[in-house]
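Position 50 of the sequence shown, counted from 1, bears residue number 52 in the working numbering, the numbering being contiguous throughout. Please read the structure below before turning to the comments.
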Amino acid sequence: MTTDAAHPASSRDPGGRVEAWTIGEVARLSGVTTRTLRHYDAVGLLRPTGVAAGGRRLYGHAELVQLQQVLVLRELGVGLPTIAEILAEGAGPAAGAVRRSRLREHHARLLTERDRFDRLARTVESTLHSMEEGTDMAPKDLYAGFDNSQYDAEARERWGDGAVDRSHAAWTGMGQDGQEAFAAETAAISAELATLMHAGTEVTDAGVQSVVARHHAQIATFWTPDRAAYVGLGQMYVDDERFTATYDAYAPGLAPYLRDAMVVFAQRHLT
3 MTTDAAHPAS
13 SRDPGGRVEA
23 WTIGEVARLS
33 GVTTRTLRHY
43 DAVGLLRPTG
53 VAAGGRRLYG
63 HAELVQLQQV
73 LVLRELGVGL
83 PTIAEILAEG
93 AGPAAGAVRR
103 SRLREHHARL
113 LTERDRFDRL
123 ARTVESTLHS
133 MEEGTDMAPK
143 DLYAGFDNSQ
153 YDAEARERWG
163 DGAVDRSHAA
173 WTGMGQDGQE
183 AFAAETAAIS
193 AELATLMHAG
203 TEVTDAGVQS
213 VVARHHAQIA
223 TFWTPDRAAY
233 VGLGQMYVDD
243 ERFTATYDAY
253 APGLAPYLRD
263 AMVVFAQRHL
273 T
């Protein structure tokens with residue numbers, strides 16, 4: 003436990019151990035500004051346990067742990083409203099068990115992020131090596147380890163924190179092997195559709211629809227779209243140039259081909 007000398011303004015028990023920390027001390031310990039801590043208090047994320055002389059907020063050890071949880075979730079890109087929901091789940095008789103479970107989830111996500119950065123470092127190292135050797139890396143190997151986290155804010159605005167957090171949790175839960183298998187299946191779906199399109203296969207064809215069923219199953223890993231949502235997703239592939247470019251990399255015109263095939267699938271199988 004922290005010594006008396008380290009926290010001259012803190013509340014202590016008779017043995018000299020710190021029982022509460024002032025808001026300034028918490029700010030120094032965590033690197034969070036006192037203004038942010040006051041904001042967390044105002045929105046109900048982190049309530050102080052009491053008030054010290056001079057009106058300074060006091061925080062106990064449980065609050066320090068809770069602040070760690072808030073900061074970890076922020077590092078993982080979770081919005082404050084969703085953090086509040088998560089913390090609310092940790093209240094009541096089963097609070098300890100719920101919080102331990104949540105911390106295990108956070109730990110798993112952090113390990114996944116660590117592994118992803120390791121893969122990115124290896125990708126950059128391989129790129130440097132190929133440049134020094136005067137060789138070209140395979141295009142698919144240039145992007146190993148990248149994800150779409152740069153679109154996180156946009157996704158949260160469009161679909162909400164809850165949906166994005168569930169999607170992140172599903173992705174993290176796959177583990178590295180599952181993520182690589184998912185990426186391979188995604189690429190295979192696009193490649194097979196491109197082949198069918200080049201062959202002039204109608205989108206109503208059973209072979210095309212079989213591949214689209216696999217596409218729907220991939221999407222359903224994260225959320226289950228109904229007919230309108232699945233049709234809307236297909237239209238977004240065409241309207242959003244970033245998605246269009248992704249599919250055009252397999253074959254120009256693949257985005258509208260997939261969109262039309264998704265409409266057929268939705269009409270036949272979704273409500």
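Note that CB positions come from ideal geometry on N, CA and C, so glycine has one too. Small disclaimer: the values here were computed from a predicted structure and weren't measured.
Count the other C-beta atoms from every protein chain shown that fall within 10 angstroms of the C-beta of residue i, then say buried if there are 16 or more, exposed otherwise.
i: R261; result: buried
i: Q71; result: buried
i: S192; result: buried
i: M199; result: buried
i: F119; result: exposed
i: L130; result: exposed
i: T137; result: exposed
i: D170; result: Position check: residue 170 holds His in this sequence, whereas Asp was assumed. Under this definition H170 is a buried residue.
i: D1; result: Lying before the first or after the last residue shown, residue 1 is absent from the chain, which here runs from 3 to 273.
i: E65; result: buried
i: T273; result: exposed
i: V53; result: exposed
i: D228; result: exposed
i: E243; result: exposed
i: A196; result: buried
i: T206; result: exposed
How long is the line joining the alpha carbons of residue i and residue j, rounded to whole angstroms?
i: V210; j: A263; result: 7 Å
i: E127; j: A172; result: 29 Å
i: I221; j: Y232; result: 9 Å
i: L31; j: L60; result: 14 Å
i: P246; j: G234; result: It is worth fixing the name first, because residue 246 is Thr in this sequence and not Pro. Answer to the nearest angstrom: the Cα atoms are 14 Å apart.
i: W225; j: T35; result: 37 Å
i: L113; j: G202; result: 45 Å
i: V80; j: V266; result: 36 Å
i: Q68; j: A208; result: 53 Å
i: G1; j: P258; result: Outside the displayed range of the chain (3 to 273) lies residue 1, so it cannot be described from this structure.
i: Y249; j: R76; result: 32 Å
i: A22; j: L82; result: 25 Å
i: S132; j: R121; result: 16 Å
i: Q178; j: G56; result: 52 Å
i: A185; j: H41; result: 40 Å
i: H217; j: L89; result: 35 Å
i: P50; j: A251; result: 54 Å
i: G46; j: A110; result: 26 Å
Let me check one thing: in DSSP terms, what residues is residue i bridge-paired to?
i: L60; result: T24 and G52
Would you kindly report the start and end of the unbroken alpha helix (DSSP H) that includes residue i?
i: E173; result: In the sequence as displayed, the identity of residue 173 is Trp instead of Glu. Here the alpha helix (DSSP H) through W173 covers D163 to H200.
i: G209; result: A208 to I221
i: D241; result: R229 to D241
Give the DSSP-derived three-state secondary structure of residue i in the structure shown.
i: L47; result: coil
i: Y259; result: helix
i: F119; result: helix
i: T226; result: coil
i: Q152; result: Low confidence applies here, because Q152 scores a pLDDT of 49, under 50, leaving its location unreliable and the question unanswered by this model.
i: T246; result: helix
i: L130; result: helix
i: H73; result: Inspection of the sequence shows that residue 73 is occupied by Leu rather than by His. Of the three classes helix, strand and coil, the one that applies to L73 here is helix, per DSSP.
i: L89; result: helix
i: F267; result: helix
i: T35; result: coil
i: Y252; result: coil
i: V67; result: helix
i: T84; result: helix
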